[in-house]
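My numbering applies: residue 114 is where the sequence shown begins, and numbers increase by one.
We put the beta carbon where it would ideally sit given N, CA and C, even for glycine.
Structure, as structure tokens:
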Amino acid sequence: MDEPDWRRFIAAYHQAHPGITEQLFSLAGTSPYAWLAEPLGGTRGTVLDLACGSAPTHDELPDADWVGIDLSAAELAEAARRGRGPLVRAGADALPAASASVGAVCAAMCLPVVTPLPQVLGEIRRVLRPGGVLAALVPSQSGLSPSGMLTWVRVMAALRAVRQPWPNPQARDGLAALLRTAGFRVRSDERHVFTLTIDSADAAALLADALYLPGLTPRRAEAGKRSLARWAAPGRHLELPLRRVVADLPTEQPSQEPI
Numbered sequence: 114m115d116e117p118d119w120r121r122f123i124a125a126y127h128q129a130h131p132g133i134t135e136q137l138f139s140l141a142g143t144s145p146y147a148w149l150a151e152p153l154g155g156t157r158g159t160v161l162d163l164a165c166g167s168a169p170t171h172d173e174l175p176d177a178d179w180v181g182i183d184l185s186a187a188e189l190a191e192a193a194r195r196g197r198g199p200l201v202r203a204g205a206d207a208l209p210a211a212s213a214s215v216g217a218v219c220a221a222m223c224l225p226v227v228t229p230l231p232q233v234l235g236e237i238r239r240v241l242r243p244g245g246v247l248a249a250l251v252p253s254q255s256g257l258s259p260s261g262m263l264t265w266v267r268v269m270a271a272l273r274a275v276r277q278p279w280p281n282p283q284a285r286d287g288l289a290a291l292l293r294t295a296g297f298r299v300r301s302d303e304r305h306v307f308t309l310t311i312d313s314a315d316a317a318a319l320l321a322d323a324l325y326l327p328g329l330t331p332r333r334a335e336a337g338k339r340s341l342a343r344w345a346a347p348g349r350h351l352e353l354p355l356r357r358v359v360a361d362l363p364t365e366q367p368s369q370e371p372i
């Protein structure tokens, strides 16, 4: 899938499923958003939530000067419905912020899917002040137990999918190296395996909807949901490895201007 097709898919997906990732993460025993927000507590200056979606990190940073940015009107409407703001409609590749004006950037589950990634990282560098922090949460492809791996094979087989064809797979387990190449200083790179409870047909359907599978036809999706509904049961769990990378902008390197 080329970039224009991917952008059309993402726009239509979020129009149809606003708040989908927050809903999925609500099935976890502990909040991935709370884990992501930990390094940003006490940030001086604005915390810019990149591709904020329904803005769940807003509630995890109650004392921050938080601003959410997303290109999806439906996601921003969902965030506003939940009383979260201020909110700005803009793309991650053209941030409406002055150079060196932001204390921190929060990026929850967006770096593997935003395009073009080099321009997005350049924009993050531009708006961060020297010493400013980037905290990013991304899916990890490592950390599954053998039983957890088999469970994911079961899920993907039900949807007749081999993989999630995201445009920036290097921004998953390779995110730390990617950020170093882009001029950031990596402070930490940690992985945590969360556990989703898939104990009902509704939870199974939510999982199917949340996986960003552009080749999934409505017919295949419904068949997959029926299969997963039969599999879902009390006590059924799904491992979800996530990676949190925290980096900053070295004070000796000025922020870049937009390309």
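Under 8 Å between C-beta atoms of residue i and residue j
i      : j      : result
Leu341 : Leu140 : no
Arg293 : Pro225 : no
Gly244 : Leu362 : yes
Glu352 : Val306 : yes
Leu153 : Cys219 : yes
Gly166 : Asp183 : yes
Residue from the options whose Cα sits closest to the Cα of residue i
i      : options                           : result
Ala76  : Pro131, Arg332, Phe307 and Arg339 : Only positions 114 to 372 of the chain appear in this structure, which leaves residue 76 out of reach.
Arg242 : Ala192, Ala210 and Leu137         : Ala210
Arg157 : Val215, Asp183, Pro175 and Arg194 : Val215
Tyr126 : Glu151, Pro280, Pro145 and Glu188 : Glu188
Ala205 : Ala190, Gly198, Gly196 and Gly235 : Gly235
Ala379 : Ala290, Trp344, Pro354 and Arg333 : With the chain represented from 114 up to 372, any question about residue 379 goes unanswered, as that position is not in the structure.
Ala124 : Ala164, Arg197 and Pro145         : Ala164
Local Cβ density within 10 Å of residue i, reported as buried at 16 or more and exposed below that
i      : result
Thr134 : buried
Met262 : exposed
Pro169 : buried
Glu370 : Here Glu370 scores only 47 on pLDDT, less than 50, and its place in the model should not be relied on; the value that follows carries that caveat. Label assigned to Glu370: exposed.
Thr159 : buried
Val359 : buried
Met222 : buried
Ser368 : With a pLDDT of only 44 at Ser368, under the threshold of 50, the placement of this residue in the model should not be trusted; the figure read from the coordinates follows. Its Cβ being crowded by 16 or more others within 10 Å, Ser368 is buried.
Val275 : exposed
Residues sharing a beta bridge with residue i, DSSP
i      : result
Ala248 : Cys219 and Val359
Asp302 : Val358
Asp373 : Coverage of the chain is limited to positions 114 through 372, which leaves residue 373 absent and any answer about it impossible.
Val201 : Ile182
Leu241 : Val215
Ala318 : Partner(s): none; Ala318 has no beta bridge.
Opening and closing residue of the beta strand (DSSP E) in which residue i lies
i      : result
Asp162 : Thr159 to Leu163
Range covered by the alpha helix (DSSP H) that runs through residue i
i      : result
Asp172 : Thr170 to Glu173
Ala284 : Neither: Ala284 is in no alpha helix (DSSP H) and is coded neither H nor E.
Gln277 : No alpha helix (DSSP H) holds Gln277; DSSP gives it neither H nor E.
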